[in-house]
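**Q** In the order they appear, the protein sequences are chains A and B. The first sequence begins at 141 in my numbering and counts up one residue at a time. The second sequence begins at 2 in my numbering and counts up one residue at a time.
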Amino acid sequence: MTKKNKKFKSFFVFTLLFLLLSVHVNFFKSIYLLSFRGYDERMLRTYGFGCEIPNAYQFLKRRIDEDTREEKSFYIHNLYTTQRYWYPSINSLFLNLKIDESKEHLILLNYIEEYHGLNLKNFNLDVNLNYYHKKPLGFTGCAYFIKNHWEFLDVRIL
Amino acid sequence: MCVFYKKMIEYLNITLQLTVLIFFSFFPVNNFTANYFLLSFKNLKLINYFIINNLLLIVFLLIMSFTKIEMIITFYSILTFYLILFVLSIKNLSKYLIKDNLLIVIIFLLVNFALFFDVARDLHLAWDALELWKVKANNFYLGSNYFDVNEVKYPQYPHLGTYIWAFFWKSSLLDIEYFGRLHQTYIYVLSLFAISLSFKCNNILKNFFIIILLIVLTYNPSLRGYQDIYIFSLISFFGYFIYQKIRFNKKINDFIILIPIILPWIKNEGIFYTIFLMFIYCILQKDLFKRFVFSFLVIFLILAQFYMNIYYFNLNNIFQVDIDLSNITNDQGFLFIVQKIYKIFFYSAHAFFKNPILIIDLLIIIACFYLTKFHKDNLPFFTFLAFNIAFIFAIYLLTPADIKWHLQTSIDRLLLQTSALYIYMLAILKDKKFFKI
Chain A
141 MTKKNKKFKS FFVFTLLFLL LSVHVNFFKS IYLLSFRGYD ERMLRTYGFG
191 CEIPNAYQFL KRRIDEDTRE EKSFYIHNLY TTQRYWYPSI NSLFLNLKID
241 ESKEHLILLN YIEEYHGLNL KNFNLDVNLN YYHKKPLGFT GCAYFIKNHW
291 EFLDVRIL
Chain B
2 MCVFYKKMIE YLNITLQLTV LIFFSFFPVN NFTANYFLLS FKNLKLINYF
52 IINNLLLIVF LLIMSFTKIE MIITFYSILT FYLILFVLSI KNLSKYLIKD
102 NLLIVIIFLL VNFALFFDVA RDLHLAWDAL ELWKVKANNF YLGSNYFDVN
152 EVKYPQYPHL GTYIWAFFWK SSLLDIEYFG RLHQTYIYVL SLFAISLSFK
202 CNNILKNFFI IILLIVLTYN PSLRGYQDIY IFSLISFFGY FIYQKIRFNK
252 KINDFIILIP IILPWIKNEG IFYTIFLMFI YCILQKDLFK RFVFSFLVIF
302 LILAQFYMNI YYFNLNNIFQ VDIDLSNITN DQGFLFIVQK IYKIFFYSAH
352 AFFKNPILII DLLIIIACFY LTKFHKDNLP FFTFLAFNIA FIFAIYLLTP
402 ADIKWHLQTS IDRLLLQTSA LYIYMLAILK DKKFFKI
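#1: Quick check: what's the CA-CA separation for Y172(A) versus L13(B)?
#2: Which of the three DSSP states, helix, strand or coil, is assigned to K135(B)?
#3: Using three-state DSSP, classify L215(B) as helix, strand or coil.
#4: My guess is that F279(A) and G190(A) are in contact by the Cβ rule of under 8 Å, so how many angstroms apart are they, rounded?
#5: Does any C-beta atom of chain A lie closer than 8 Å to the C-beta of D149(B)?
#6: According to DSSP, is N259(A) part of a helix, a strand, or is it coil?
#7: Taking 7 Å as the line, does the beta carbon of L183(B) fall inside it for any heavy atom of the ligand NAP?
#8: Is V267(A) close to chain B, meaning its C-beta is less than 8 Å from at least one C-beta of that chain?
#9: Determine the direct distance from the alpha carbon of H164(A) to that of P29(B), and round the result to whole angstroms.
#10: Taking 8 Å as the CB-CB cut-off, is E71(B) touching chain A?
#11: Measure from the alpha carbon of N264(A) to the alpha carbon of each residue in Y271(A), E210(A), H256(A), then state which is nearest.
#12: Would you decide whether T20(B) is buried or exposed? Buried here means 16 or more other CB atoms lie within 10 Å of its CB.
#13: State the Cα-Cα distance for the pair I105(B) and R225(B), rounded to the nearest angstrom.
#14: Return the CA-CA distance between Q223(A) and S229(A), expressed in angstroms with no decimal places.
#15: Just the chain A side, please: which residues come within less than 9 Å of L191(B) by C-beta, in chain order?
#16: Entirely within the region 62 to 148 of chain B and at least 4 residues each: give me those alpha helix (DSSP H) ranges in chain order.
#17: Hey, is I393(B)'s beta-carbon within less than 8 Å of any beta-carbon in chain A?
#18: Considering only residues of the same chain and omitting the five flanking positions on each side of V295(A), which have a CB-CB separation below 8 Å?
#19: Do you know offhand how far N270(A)'s Cα is from K287(A)'s?
#20: For L433(B), does the count of other Cβ atoms within 10 angstroms reach 16, so buried, or fall short, so exposed?
#21: Could you check the C-alpha separation between D129(B) and Y50(B) for me, to the nearest Å?
#22: Strictly by DSSP, which residues pair up with L248(A)?
#23: Please give the ranges of any alpha helix (DSSP H) in the region 194 to 239 of chain A, keeping only runs that are unbroken, at least 4 residues long and fully inside the region.
#24: Just tell me which of W406(B), F25(B), K92(B) has its CA closest to the CA of F82(B).
#25: Just how far apart, CA to CA, sit F304(A) and F180(B)?
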């Protein structure tokens with residue numbers, strides 16, 4: 141075998157091996173997707189557009205990004221995943237997110253008012269939505285509530 | 002034009018991240034700087050320097066994780082120090098990298114790029130990663146150190162992997178979390194090269210083939226964000242040092258001790274692996290002084306870790322579950338234990354199909370036992386195997402959790418963590434001319 145043939149053979153084997161690797165780790169697919177989809181779009185496709193089951197990533201991201209408070213604290217309750225422990229919470233994807241234990245700012249994911257009602261005790265959440273007002277955000281299946289302080293006011297009037 | 006630029010910037014940053022990782026792997030110890038440090042480090046292979054430097058970097062980051070020093074300051078301090086070393090060695094660097102190791106460097110870059118792009122494409126994080134590890138990484142990213150555990154769910158869990166994640170995330174130009182995870186992939190690729198280069202082949206393409214085979218057998222995208230890959234890689238590095246000692250019949254490299262130091266800070270099971278590896282180290286290390294000092298150091302660090310967990314976090318549960326002998330001796334009959342053992346075997350078999358490397362491991366172990374029996378060269382690997390089997394049975398027999406759930410969610414990862422070590426037995430068989438490549 142001539143030197144030229146040997147070099148060609150080596151190059152051929154090298155290319156073949158690289159193609160094998162490429163197929164296994166989706167190399168060309170990755171290049172294509174990285175070229176046409178930005179990071180934000182890839183995140184949306186991974187964790188869900190709008191209020192998509194299970195994580196409703198887009199809704200959460202928009203709500204957290206648009207919050208103007210210095211400390212972005214919310215109580216997030218996903219009515220779909222709480223009953224399915226094998227779905228992890230995606231709260232850790234949001235860097236500055238603080239958990240609002242007082243439940244002043246409540247985000248309900250996969251919440252349908254007609255089905256779940258206003259008292260959510262049966263859905264692992266000790267909250268009565270009669271004491272909250274809903275912020276309209278234009279997403280079906282997700283909702284953002286802020287606690288009223290009217291109940292204390294009512295007591296004083298009485 | 003603007004859209005094109007935006008897309009390209011991610012590629013450029015991935016390239017830059019890889020450049021940084023390679024740069025950090027080339028210093029402080031290499032063939033040229035060894036003149037300024039210790040002459041005994043001279044004439045090692047490039048892969049040896051890469052492994053040693055990465056271990057040193059990880060230990061350095063472990064130390065920094067206990068301090069209040071900002072990650073960015075740490076990053077630029079390391080970079081500045083390495084740039085000085087780079088200036089010292091610049092004359093020979095191009096010759097060493099381009100002339101002597103060109104093909105292997107090209108393959109190394111290609112494999113890294115292929116895996117990095119896959120990580121960048123698939124941003125999905127697995128269960129533990131989202132619920133546990135990413136929370137810790139966020140905490141470090143926002144400037145906390147080991148002692149600040151605000152809102153972290155399991156503060157007693159080892160933190161080093163997530164600190165490294167946050168470190169490379171913070172130091173990347175784009176503020177994107179997956180850049181931090183690229184280090185894990187990089188270490189994984191390095192461990193595969195260590196295994197592959199243990200097989201002395203006359204053609205580098207054969208080594209490339211071994212690397213691809215190992216990727217096909219071990220690369221598991223469902224483990225994104227998990228710390229198991231660090232354990233896999235570190236145990237693989239340990240195997241590499243042992244293999245080098247056996248193959249060249251020389252003293253064991255002292256940097257091996259960094260691995261048992263790092264392991265307990267990556268994951269809880271790392272504590273047990275450290276004990277097993279130190280046992281093997283003590284068998285192989287002939288120098289009594291080193292044997293005593295290094296064993297003492299590792300035991301001291303493990304005890305310090307326990308102490309810090311209990312003292313700072315006021316937690317008695319170091320591990321995920323209460324390990325208590327009464328779990329098998331009290332109200333559980335003999336039949337229950339037999340059932341548990343059956344389940345362990347069943348789910349182990351399941352894990353073998355999930356991670357095909359385990360099937361290869363099993364074949365290697367059988368071949369080694371059949372061909373060489375308990376030859377002294379294989380003894381470290383067989384010792385580790387015996388410890389590992391005992392460890393796995395002990396965990397699942399003692400667990401108070403539902404054994405089926407526990408096995409389903411963890412045994413495949415536990416078996417994968419140590420799977421790289423046994424491949425070196427095949428390299429030993431090759432050296433003994435039982436087969437040719």
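From the three backbone atoms N, C-alpha and C, an ideal C-beta is built for every residue, glycine too.
**A** Looking at the coordinates:
#1: For Y172(A) and L13(B), the distance between alpha carbons rounds to 15 Å.
#2: In this structure, K135(B) counts as helix in the three-state DSSP scheme.
#3: Here L215(B) sits in helix by DSSP.
#4: So it is a contact: roughly 6 Å between Cβ atoms.
#5: No, D149(B) does not count as interfacial toward chain A.
#6: Looking at N259(A) - three-state DSSP - the assignment turns out to be strand.
#7: As far as ligands go, the structure on display features none, and thus does not contain the ligand NAP.
#8: Proximity of V267(A) to chain B, defined by a Cβ-Cβ separation below 8 Å, is not satisfied.
#9: The alpha-carbon atoms of P29(B) and H164(A) are separated by roughly 35 Å.
#10: It does not: the Cβ of E71(B) has no partner Cβ on chain A nearer than 8 Å.
#11: Measuring from the Cα of N264(A), the nearest candidate turns out to be H256(A).
#12: Counting other Cβ atoms within 10 Å of its Cβ, T20(B) stays below 16 and is therefore classed as exposed.
#13: Each residue's alpha carbon lies about 27 Å from the other.
#14: If you take the alpha carbons of Q223(A) and S229(A), they lie about 12 Å apart.
#15: None at all; the shortest Cβ gap to chain A is about 16 Å.
#16: DSSP runs (the alpha helix (DSSP H)) wholly in the region 62 to 148 of chain B: 72 to 95, 103 to 122, 135 to 142.
#17: Output row for I393(B): interface = no.
#18: Bear in mind that the predicted position of V295(A) carries a pLDDT of just 46, short of 50, making it too unreliable to give a figure here.
#19: Between N270(A) and K287(A), the C-alpha separation is close to 9 Å.
#20: Before going further, note that residue 433(B) is Lys rather than Leu in the sequence given. With a threshold of 16 other beta carbon atoms within 10 Å, K433(B) falls short and is exposed.
#21: Each residue's alpha carbon lies about 33 Å from the other.
#22: H217(A), A283(A).
#23: Listed in chain order, the alpha helix (DSSP H) runs fully inside the region 194 to 239 of chain A are 197 to 206, counting runs of at least 4 residues.
#24: Between F82(B) and the set W406(B), F25(B), K92(B), the nearest pair of CA atoms involves F25(B).
#25: Missing from the structure shown is residue 304(A); chain A here goes from 141 to 298 and no further.
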